[in-house]
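Structure first, then comments.
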Amino acid sequence: MVHIDMDAFFASVEQLTRPTLQGRPVLVGGASGRGVVAGASYEARGYGARSAMPMSQAVRLCRGRAVVVRPRFVVYSAASERIFGILEREAGFIERLSVDEGFAEPPVLVGATPEDAEQWAHQLQDTVEAETGLVCSIGVSTGKLHAKMASDLNKPHGVAVVPAARRDEIFGPRPVGEIGGIGPVAQGRLSEVGVTTIGQFTAMDDSDVRSLLGSVGTQLLGYARGEDPRPVAPRARAKQVSAERTLEVDVTTTAGIDPVLVAAATAAHTRLQHDGRAARTVTVKIRTADFQAHTRSTTLAVPTEDLDEIIAASRRVMPHPEQSGAVRLVGVSLSGLTEERQVALFPELTQTDAPGPVEDGKAVADAGAVVATVRDPGPAPGGWMTTQDVRHPRYGHGWVQGAGAGVVSVRFETRATGPGHTRTFAVDDPELITADPLDSLAWPPPTDTATPSGPVAD
Numbered sequence: 001m002v003h004i005d006m007d008a009f010f011a012s013v014e015q016l017t018r019p020t021l022q023g024r025p026v027l028v029g030g031a032s033g034r035g036v037v038a039g040a041s042y043e044a045r046g047y048g049a050r051s052a053m054p055m056s057q058a059v060r061l062c063r064g065r066a067v068v069v070r071p072r073f074v075v076y077s078a079a080s081e082r083i084f085g086i087l088e089r090e091a092g093f094i095e096r097l098s099v100d101e102g103f104a105e106p107p108v109l110v111g112a113t114p115e116d117a118e119q120w121a122h123q124l125q126d127t128v129e130a131e132t133g134l135v136c137s138i139g140v141s142t143g144k145l146h147a148k149m150a151s152d153l154n155k156p157h158g159v160a161v162v163p164a165a166r167r168d169e170i171f172g173p174r175p176v177g178e179i180g181g182i183g184p185v186a187q188g189r190l191s192e193v194g195v196t197t198i199g200q201f202t203a204m205d206d207s208d209v210r211s212l213l214g215s216v217g218t219q220l221l222g223y224a225r226g227e228d229p230r231p232v233a234p235r236a237r238a239k240q241v242s243a244e245r246t247l248e249v250d251v252t253t254t255a256g257i258d259p260v261l262v263a264a265a266t267a268a269h270t271r272l273q274h275d276g277r278a279a280r281t282v283t284v285k286i287r288t289a290d291f292q293a294h295t296r297s298t299t300l301a302v303p304t305e306d307l308d309e310i311i312a313a314s315r316r317v318m319p320h321p322e323q324s325g326a327v328r329l330v331g332v333s334l335s336g337l338t339e340e341r342q343v344a345l346f347p348e349l350t351q352t353d354a355p356g357p358v359e360d361g362k363a364v365a366d367a368g369a370v371v372a373t374v375r376d377p378g379p380a381p382g383g384w385m386t387t388q389d390v391r392h393p394r395y396g397h398g399w400v401q402g403a404g405a406g407v408v409s410v411r412f413e414t415r416a417t418g419p420g421h422t423r424t425f426a427v428d429d430p431e432l433i434t435a436d437p438l439d440s441l442a443w444p445p446p447t448d449t450a451t452p453s454g455p456v457a458d
C-alpha cells in the first residue's frame with residue numbers, strides 16, 4: 001500500500017506561484033480577529049506555527065517575518081487535479097482522501113522488494129516535482145494505516161518504506177495518538193491504564209480495548225497489528241462535513257457558548273478545506289443538559305469557504321441557552337457542498353508596507369523585499385486588496401503587495417518567471433485590472449503520453 005501526501009500543500013502552491021515567497025514563512029488563511037491558519041509553510045512551522053492555529057498567534061510566533069496570504073482554493077484545486085493526474089498515470093487508480101493526499105496500490109510493486117519500492121517512490125517524487133514544481137512525501141507499508149503513518153516519518157519530501165518485518169520496530173515506540181482515529185479522549189483513556197505507545201496498544205487484550213474504546217477501538221487495534229485488508233477503492237464524496245465540541249461544564253449564556261461555537265465552526269471549516277469544496281448550508285446543533293437536541297440551519301445566497309462567513313452564519317442560527325436551557329454540546333455542520341465559488345475573488349486580508357519611492361509614476365523595488373502582514377486593514381482606496389491577482393498589459397500577471405497614499409504596489413511574477421520585481425501605479429490606473437488566479441500557475445499542457453515508471457517486479 002502506498003500513501004502520497006503533498007507537503008504543506010496550500011503554502012507550497014503559494015510559494016510556487018509567487019516565487020518571491022520561496023524560503024519565507026508563509027501563512028495561508030484569514031488575518032481578521034477570528035482568522036485561523038489554513039496552511040503553513042515549513043519555514044513558518046519552524047517557528048511553531050501550525051494549521052488551525054489562530055492567525056494572530058501564528059504571526060506572533062513568526063516574529064513579524066510571516067507573509068499572510070489569502071487562500072486561493074481555485075488554484076489549489078487546479079494544482080490538485082494536475083497532481084492526481086500524474087499519480088494516476090504513474091501509480092494506477094488513486095483513492096483520494098482530500099485535495100492533497102491519497103492511497104494507491106501500484107501493480108508494479110506487487111512482489112517488489114523494499115529497495116524496489118523505495119526506488120519507485122523516489123522516481124514518483126521526481127516526476128511530480130518535475131511536472132508541477134511541488135514536492136510530496138510517500139509512505140509504503142502493508143496496509144492503509146501503516147502507509148499513512150510511514151508518509152509522515154520523513155517529511156518534508158521524504159520516502160519511508162516499512163515492510164511487515166520492521167513494522168513493530170519502527171512504529172512500536174511511537175505515540176499511540178499517531179494512529180488515525182485515536183484522538184485526545186481515547187489517548188486519555190489509554191494513558192490511564194499505562195498505554196502511551198503503539199507497541200503497548202498492540203499488546204493489549206482485545207476485550208480490554210473494547211471496554212475502553214468500544215468496537216471502533218478493536219477495529220483500530222487490528223489495523224495497528226497489521227490486520228488491515230482495506231483496499232484502494234473509490235470514495236463517495238461526503239455530503240457534509242461537521243465538528244462537535246462537548247463542554248466540560250454546562251453553559252447557560254450566549255456569551256459563554258460563543259467560544260465553543262467558534263471552535264466547532266473552525267474545526268468544520270478545516271474539514272471543508274481538506275474536502276476542497278464550498279458549502280451552501282450552515283447548521284448548528286446544541287444538546288442541552290437534559291440531552292435534548294436543538295438544531296437550526298441557514299442556506300447562504302452563494303456557497304462559501306470563508307471561515308468568517310461560516311462563523312457569522314453559525315452565530316445567526318445558534319439556539320440561545322437563555323431560551324433552550326444549559327448547553328453541554330455544540331456542533332456545526334456544513335452541507336450543500338459544491339465546486340462553485342463566490343464571485344468575489346479576494347476579500348481584504350492583510351496590512352501592507354508602504355510602497356517604495358516612485359520614479360516617473362512607477363517604482364521598481366528589490367525582488368527580495370516582501371510585505372510582512374499583521375492585520376486586516378480592509379480594501380485600499382481604489383478597491384485593491386493585498387494578495388489579489390492582477391494583470392498589466394506591459395508587465396503581465398502579478399499580485400498586490402501593498403497599497404496606500406493613492407498608489408498600489410504590485411509584484412509581477414508567476415510560477416514560470418522566477419522572483420519578480422515590484423512596480424507601483426496610481427490606484428486608478430486603467431491598465432491595471434483584476435486577473436484570473438489560475439494564470440499564476442503558468443503550467444504547460446499536462447503530459448499524457450508517459451508510461452508508468454519504476455522497477456517491474458518479477
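Quick note: the sequence shown uses UniProt numbering, first residue 1, plus one each step. Each residue gets a CB set at the ideal place from its N, CA and C atoms; glycine is no exception.
Cross-strand partners of Pro54 (DSSP beta bridge): Val36
Exposed unless 16 or more other CB atoms sit within 10 angstroms - verdict on Ala255: exposed
Helix, strand or coil at Ala66 according to DSSP, with G and I counted as helix: coil
Buried or exposed (CB count within 10 angstroms, at least 16 for buried), His3: buried
Other residues of its chain near Ala233: CB distance less than 7 Å, five sequence neighbours each side excluded: Glu95
Helix, strand or coil at Thr352 [DSSP, three-state]: Confidence at Thr352 is low in this model, with a pLDDT of 32, below 50, so the placement of that residue should be treated as unreliable; the coordinate-derived value is given next. It is coil, neither helix nor strand.
CB contact flag (Val37, Ala58, <8 Å): For the pair Val37 and Ala58, the CB atoms are nearer than the 8 Å cut-off.
Status (buried if at least 16 other CB within 10 Å, exposed otherwise) for Thr253: When all chains shown are included, Thr253 counts as exposed.
Buried or exposed (CB count within 10 angstroms, at least 16 for buried), Glu397: The question names Glu, yet the displayed sequence has His at residue 397. By the 10 Å Cβ count, His397 comes out buried.
Proximal residues to Ala264 (C-beta, below 7 Å), its chain only, five neighbours per side dropped: Counting only Cβ-Cβ distances below 7 Å, and skipping sequence neighbours, we find Ala243, Glu244, Arg245, Val330, Gly331 and Val332.
Cβ pair Ala279, Thr304 closer than 8 Å: yes
Same chain, Cβ closer than 7 Å to Phe10, five either side skipped, listed in chain order: So the list reads Val28, Ala38, Gly39, Pro71 and Tyr76, once near-sequence residues are dropped.
Reduced DSSP category for Val427 - H, G, I as helix; E, B as strand; rest coil: coil
Through-space distance from Arg166 to Thr142, alpha-carbon basis: 11 Å
Sequence-distant residues of the same chain with beta carbon closer than 7 Å to Gly133, five excluded per side: Leu16 and Arg415
Own chain partners of Pro455 with C-beta closer than 8 Å, once the 5 adjacent residues on each side are dropped: Confidence is the limiting factor: at Pro455 the pLDDT is only 42, short of 50, which leaves the residue's position unreliable, though a coordinate-based value still follows. If we look at Pro455 and ignore the five residues flanking it on each side, its Cβ neighbours are Val108, Ala112, Asp116, Gln119 and Trp120.
Inter-residue Cα distance where the pair is Met6 and Gln323: 47 Å
Beta-carbon contacts of Ser98 that lie in its chain and below 6 Å, excluding the five residues immediately before and after: His274
Per-residue DSSP class, three states only, for Ile286: strand
DSSP three-state assignment for Val370, whether helix, strand or coil: Low confidence applies here, because Val370 scores a pLDDT of 46, under 50, leaving its location unreliable; read the following figure in that light. The three-state secondary structure of Val370, taken from DSSP, is coil.
Cβ neighbour criterion (16 or more within 10 Å) applied to Phe171: With 16 or more other Cβ atoms within 10 Å, it is buried.
Distance between Ser51 and Tyr42 (C-alpha atoms, nearest Å): 11 Å
Own chain residues within Cβ distance below 8 Å of Arg235, not counting five before or after: Glu95, Arg96 and Leu97
Coarse secondary structure for Glu248, derived from DSSP in three states: strand
Simplified DSSP assignment, three categories, for His122: helix
Presumed contact (8 Å Cβ cut-off) between Arg296 and Pro319, rounded CB distance: That pair is a contact at about 6 Å.
For Gln240: DSSP bridge partner residues: Ser335
Host alpha helix (DSSP H) of Leu213 (start-end): The continuous alpha helix (DSSP H) containing Leu213 extends over residues Asp206 to Ala224.
Gly418 versus Gln22: straight-line alpha-carbon distance, rounded: 10 Å
Beta-carbon spacing of Val176, Ile198 below 8 Å: yes
Supposed close pair Ala44, Cys62 - CB separation, criterion 8 Å: 6 Å
Arg375 versus Val69: straight-line alpha-carbon distance, rounded: Bear in mind that a pLDDT of 36 at Arg375, under 50, signals an unreliable position, so the model cannot answer this.
Ala130, buried or exposed, once every other Cβ within 10 Å from all chains shown has been counted against 16: exposed
Bridge partners - Ser409, DSSP secondary structure assignment: Gly402 and Thr424
Top-ranked residue by Cα proximity to Leu334, from Val241, Ala405 and Ala426: Val241
Any alpha helix (DSSP H) of 4 or more consecutive residues that is wholly inside the segment 108-191: Within the segment 108-191, the complete alpha helix (DSSP H) runs of at least 4 residues fall at 114-132, 144-151 and 167-171.
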